[in-house]
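2 protein chains.
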Amino acid sequence: MKKKINIGLIGLGTVGGGVVKLLRDNADVITRRLGIPVELKAAADLDESRAKALKLGKGIYTKDAYKIINDPEVDVVVELIGGYNPARAFILDALKNKKPVVTANKALLAMHGEELYRAASKAGTSIGFEASVGGGIPIIGAIKQGLAANDIQSIYGIINGTSNFILTKMTDEGRNFGEVLKEAQALGYAEADPTFDVEGIDPAHKLAVLANIAFGTPVKFEDIYTEGISGIKPDDIEYAREFGYKIKLLAIAKVVDGEVEARVHPTMLPDHYLLAKVDGVFNAIYVVGDALGPAMFYGRGAGDMPTASAVVSDIMDIARDMIHCSHNRMPALGFRSEGRKPMKIMPIGKVRCKYYMRFAALDRPGVLSTISGILGRHDISIESVIQKGRGTENAVPIVVMTHEAVEKNLRSALAKIDKLDVISDKTVVIRVESGE
Amino acid sequence: MKKKINIGLIGLGTVGGGVVKLLRDNADVITRRLGIPVELKAAADLDESRAKALKLGKGIYTKDAYKIINDPEVDVVVELIGGYNPARAFILDALKNKKPVVTANKALLAMHGEELYRAASKAGTSIGFEASVGGGIPIIGAIKQGLAANDIQSIYGIINGTSNFILTKMTDEGRNFGEVLKEAQALGYAEADPTFDVEGIDPAHKLAVLANIAFGTPVKFEDIYTEGISGIKPDDIEYAREFGYKIKLLAIAKVVDGEVEARVHPTMLPDHYLLAKVDGVFNAIYVVGDALGPAMFYGRGAGDMPTASAVVSDIMDIARDMIHCSHNRMPALGFRSEGRKPMKIMPIGKVRCKYYMRFAALDRPGVLSTISGILGRHDISIESVIQKGRGTENAVPIVVMTHEAVEKNLRSALAKIDKLDVISDKTVVIRVESGE
Chain A
11 MKKKINIGLI GLGTVGGGVV KLLRDNADVI TRRLGIPVEL KAAADLDESR
61 AKALKLGKGI YTKDAYKIIN DPEVDVVVEL IGGYNPARAF ILDALKNKKP
111 VVTANKALLA MHGEELYRAA SKAGTSIGFE ASVGGGIPII GAIKQGLAAN
161 DIQSIYGIIN GTSNFILTKM TDEGRNFGEV LKEAQALGYA EADPTFDVEG
211 IDPAHKLAVL ANIAFGTPVK FEDIYTEGIS GIKPDDIEYA REFGYKIKLL
261 AIAKVVDGEV EARVHPTMLP DHYLLAKVDG VFNAIYVVGD ALGPAMFYGR
311 GAGDMPTASA VVSDIMDIAR DMIHCSHNRM PALGFRSEGR KPMKIMPIGK
361 VRCKYYMRFA ALDRPGVLST ISGILGRHDI SIESVIQKGR GTENAVPIVV
411 MTHEAVEKNL RSALAKIDKL DVISDKTVVI RVESGE
Chain B
11 MKKKINIGLI GLGTVGGGVV KLLRDNADVI TRRLGIPVEL KAAADLDESR
61 AKALKLGKGI YTKDAYKIIN DPEVDVVVEL IGGYNPARAF ILDALKNKKP
111 VVTANKALLA MHGEELYRAA SKAGTSIGFE ASVGGGIPII GAIKQGLAAN
161 DIQSIYGIIN GTSNFILTKM TDEGRNFGEV LKEAQALGYA EADPTFDVEG
211 IDPAHKLAVL ANIAFGTPVK FEDIYTEGIS GIKPDDIEYA REFGYKIKLL
261 AIAKVVDGEV EARVHPTMLP DHYLLAKVDG VFNAIYVVGD ALGPAMFYGR
311 GAGDMPTASA VVSDIMDIAR DMIHCSHNRM PALGFRSEGR KPMKIMPIGK
361 VRCKYYMRFA ALDRPGVLST ISGILGRHDI SIESVIQKGR GTENAVPIVV
411 MTHEAVEKNL RSALAKIDKL DVISDKTVVI RVESGE
C-alpha cells in the first residue's frame, strides 16, 4: 500500500505556481479524501527565481526536467510549461517511464493528442487533462463519466475568457474592439500578442479536445473552421440587440447526419439563452445529451487557482488508481480505443444555420429587392430586415436575418452581391444559433 | 475478465422505465466506452403491467425483489422504488451480499444515509447516488472528483423543479401560488399531495446529501432548517422586483466560522445573478470552492431520461471498478471514513443574512419610526424602504430591506413589532443572499 503520492512538476509559471500553493494549502482536505498525502517531490523550471518566489522546500527545485521524468520516486509527472516543444518530448518520455501525466496543454493535445493518448495506453497508464478546457470547470470529467450513458449530440462552449471579456465590454459599453483589447491587455486578461485568443485558435484547440471525448472520434485542430472576434463592430452588436440576440465567440461541435460539425466563430445567440448571459472572463459549456437533454457547466476558465483546481483533481484521480492498482481504469478519451470510430468531419460549406448579414448598400431604389432576389436564387430566405438612415448619399446598412441556409449557398450569393455596384463594402456575416 | 455487467433493477416506475430504455437504446455507446456490455438481467416491480409496457425480454421480470438481491449473477442492484421501506432493507441486503448498489433515493439517504454508507464500506463495495440530486446534472461526481482539491465553502442550489416551475410562473405571470400549483399538477410537474416539493422537504433531503459530500461531515435532514414556498405572495415577488431581486427556493449550505449552515427557504437573489435566471423545471447548483471560486451546474432536475442518465453513469462507474477490481475505489461520500469530521450545525438563530420584510401597518404618523426603532434596538439596520398606498383606512404595506443581521435578533424584533396596535397582520419575512 502506498504511503504517499509524489508529484514531479515541470513548469512553475502561473498555473504551476497555483499547483504548488494548492498542494500546500489544501493538504488536509486532499489527505482526508485520499487517505494518503500528495507531496511535491520535485519541480523544474528554467527560471530559478520562480522556484525562489514559491519558497520550495530543500532539494525540490531542479533546472533539469529529466531529473523528474527519470526519478523512480516520482509517481505523477505534471507538465505545465505549455507549447509544443519540449512539452511533447517530456510527456512522451514520462509515459515511456510508465509515469502517469497531468497536463493543461490544449494546444499540444489538439495537435499531437493521438500520439500522446496512444503512448499512455501503450504504457498502461493515464494522461489527465481536465485543466486543458474551461480552467477549473470539471467539464472533461463530466463528459467522460457524468454523461457517459448519453449519445452526446452537441456542445456549445464559451471557452475563451479573453474573447468573452472583450465582447462583454464591447456589448455593455458600446466600445470598439481595439480599445477594449488594450484594456484587456492592461488588466492581464489578454497577452501582448493576442492572436491565439481573439482569432479563435485557443478555443479551437479546446474544442478539438471536447469533441474527441464527446463523440469518441478523432477531431484535430485542422478539422475546425475558425474565425475570431477582431472583425466584430459595435454596430453589429447593436443590430444583434435589436433582433434580440447577443454575440458570443462560440466553439460548436455537433453530430449531424453522422458527420461531425466543428467550428469556432462569433455567433448570435437569443438573449434569453442562459449561455448568452455568461459574461466577462467566465466560461461555460452547454452540452446536449440524448438522455440528459441540455446541461450547462459554468465557472472560471483561467487563472492560477481555478486551473490548479483541475490539475490537482486529475492528480487525485490518478492517486486513487495508484492506491487501488486500477491503472488506466478510465481511458484518456472516455472511450476504449477499439470503441472510437472515425467520423467524417463536415466541411464548413455544408453547415446549415441562420445568418445575420449587414450589407453596405447605396440608397437606390430596388437594392433590397436585388439582394433578396440573389439570396432567393441561392435558396436563402429572409426572416427579417432592418433598414436605417435612408436618404443619404453614403452607403446605408441593410441588415438581414435569414432562415436556415447552407453555408456554401450563402457564400455563392455573397460573392455575387458584393460585386454589385450598389454595394460599397464587403458584407458582414455572423452565424446565428437559435435552436431552430 | 468480466464479459458483461448484469443489472438487477428494483422498481419500474418513471425512472426505472427510463433506465430500461437507456440501457437498450444506448447499448452501443455504453459498450464503446466500457469495452463490455451492460445488460438488464432482472427487473422487479409489484405491478406486472409496468414490465409488460416496457416489453422486457423473457425471464427478466419478477415480482420478488429478493430474486434479484440474492441472484449470484446480478452484478449491480439498482433501487428505484423510493421511500424508506422496503427500499432500506433491499439496499442493506444487497450490500450484505457484496453487491454494489445504485439509488436515486434522496429521502432514504437523508434519513438513513450513514447506515447505508457504513454498510457499503463494510462490504467493501460501493453505493452510487448521482441521481439523488439534480436529476441528470452530474453534481455528485463533480463535487467528489472534479472539485476534490477544493475546500468547498458554500453551495446554493435550485434543486426542486416543481417549486422553481411554480415560482417562475408566479413571477412571469403575476399569478398566485394556489392557481399555479393547480396548473403544475395538471401538467404532471407536481404531485397530488405536493407537500414534499412545495414545503421544501425534497430539497432539504437533497441538501443533506450535498452538504455531506461537500464538507466531509455528516448532515442529516433534521439538521436543516426548512421553509417552503406556499406562503409566497405575488406582492412580495413584485416588491422583490422593485428592489432588483428575484425569489427562488434555495437550498443553502455554507461553512461559517467552522460551523455548517444548512437551510432551505425562499430566498431573494439579485436579478443579475446567473442563478436567478434559472427558470422553469430546470435545476442548478452553484458551488464555491476555495481554489476554483464559483461554478454552476445546470440541467434537468427530474424526468425519466435525465434521471436515468445519472443512474446509468453510476452503473458505468461501478462497471469500471468491477473490470479493474478497484472495488470502492471512490468512497461513497468522496472522503475516506476516517477523513470525515463531525462539524457543529449552526442553529438557524445564529445565521446572518440580509432580510426583506413586509409589514402590514395602519397608516398612522410615526409607524415607520416605531418599527425602525425596534429594529435598531435589536441591532438591525435598514438599507432601504418602500412605502406605498398612503392615505387609506386599511393597512398599507411598508417594505424594508435590511443590512446583514442575526436571525435571532430579527425574530425578537418581529415578536415585538407584530404585537403593535398599528400592525394588522403577521409580518412577511424573506431572507436575502447577495454575496455581501
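Chains as they are written, first to last, in the numbering used here: chain A, 11 to 446; chain B, 11 to 446. Beta carbons: idealized from backbone N, C-alpha and C, even for Gly.
DSSP places B:A194 in the uninterrupted alpha helix (DSSP H) bounded by 187 to 196. The same chain holds no residue with a CB closer than 7 Å to that of B:D35 once the five nearest residues on each side in sequence are set aside. Note on the segment 331 to 390 of chain B: whole beta strand (DSSP E) runs with a minimum of 3 residues are 362 to 372, in chain order. Along the segment 301 to 317 of chain A, going in chain order, the ones with a CB nearer than 7 Å to a CB of chain B are A301, L302, G303, P304, A305, M306, F307, Y308, G309, R310, M315, P316. Neighbours of B:D327 across chain A, judged by C-beta separation under 7 Å: Q155.
Straight through space, the alpha carbons of A:F369 and B:I162 are spaced by roughly 51 Å.
Boundaries of the beta strand (DSSP E) around A:V265: 255 to 266. Contact between B:G146 and A:A158 does not hold, since the beta-carbon distance rounds to 12 Å and is not under 8 Å. If the five residues before and after B:I390 are omitted, its C-beta is found closer than 8 Å to the C-beta atoms of Y365, T412, H413, A415, N419, L420, A423, all from its own chain and listed in chain order. Close to B:S319, with beta-carbon spacing below 8 Å, are these residues of chain A in chain order: L157, A159, N160, G299, A301, L302. A residue is called buried once 16 or more other Cβ atoms fall within 10 Å of its Cβ, and B:M356 is buried on that count. Around the C-beta of B:R350, 16 or more other C-beta atoms lie within 10 Å, and the residue is accordingly described as buried. Between the alpha carbons of B:Y249 and A:L197 lies a distance of about 38 Å. Among the residues of chain B, those whose CB is under 7 Å from the CB of A:H334 are S336, R339, following chain order.
Residue burial annotation: A:E209 is buried, with at least 16 other C-beta atoms found within 10 angstroms of its C-beta.
Of the other Cβ atoms in all chains shown, fewer than 16 fall within 10 Å of the Cβ of B:P375; this residue is therefore exposed.
Closer than 7 Å to the CB of A:P47 there is not a single CB belonging to chain B. Among the CB atoms of chain B, one or more fall inside 7 Å of the CB of A:A152. If you compare the alpha carbons of A:Y76, A:A54, A:F345 with that of A:I223, the shortest gap goes to A:F345. Close to B:L284, with beta-carbon spacing below 8 Å, are these residues of chain A in chain order: L284, K287, V288, Y308.
In its chain, beyond the 5 residues on either side, I79, V87, V111 have a beta carbon closer than 7 Å to the beta carbon of B:A104. The C-beta separation of B:A405 from B:L378 comes to about 14 Å, leaving the pair out of contact by the 8 Å criterion. The continuous stretches of beta strand (DSSP E) do not include A:K230, and DSSP gives it neither H nor E. Looking at the DSSP output, B:Y308 bridges to A:M306, B:A294.
For B:F345, the residues of chain A that pass the 8 Å Cβ criterion are R42, R43, in the order they occur in the chain. With a threshold of 16 other beta carbon atoms within 10 Å, B:I396 falls short and is exposed. Nearest CB-CB separation between A:P110 and chain B: not below the 7 Å threshold. The criterion of a C-beta distance shorter than 7 Å is satisfied by B:L22 and B:A53. In this structure A:I153 does not touch A:E140 by the C-beta definition: roughly 10 Å separates them, more than the 8 Å allowed. CA-CA distance, B:T227 to A:L44, rounds to 15 Å. Of all residues in the segment 47 to 70 of chain B, none places a beta-carbon less than 8 Å from a beta-carbon of chain A. For A:M121, there is no enclosing beta strand (DSSP E); the residue is part of the alpha helix (DSSP H) that begins and ends at 116 to 133. The alpha-carbon of A:P341 is positioned some 28 Å away from that of A:L260.
Under the three-state reduction of DSSP, A:H215 is assigned to helix. In the three-state reduction of the DSSP assignment, B:M411 falls in the strand class, which pools E and B.
Interface annotation for the segment 11 to 26 of chain A against chain B: empty, criterion Cβ-Cβ distance under 8 Å.
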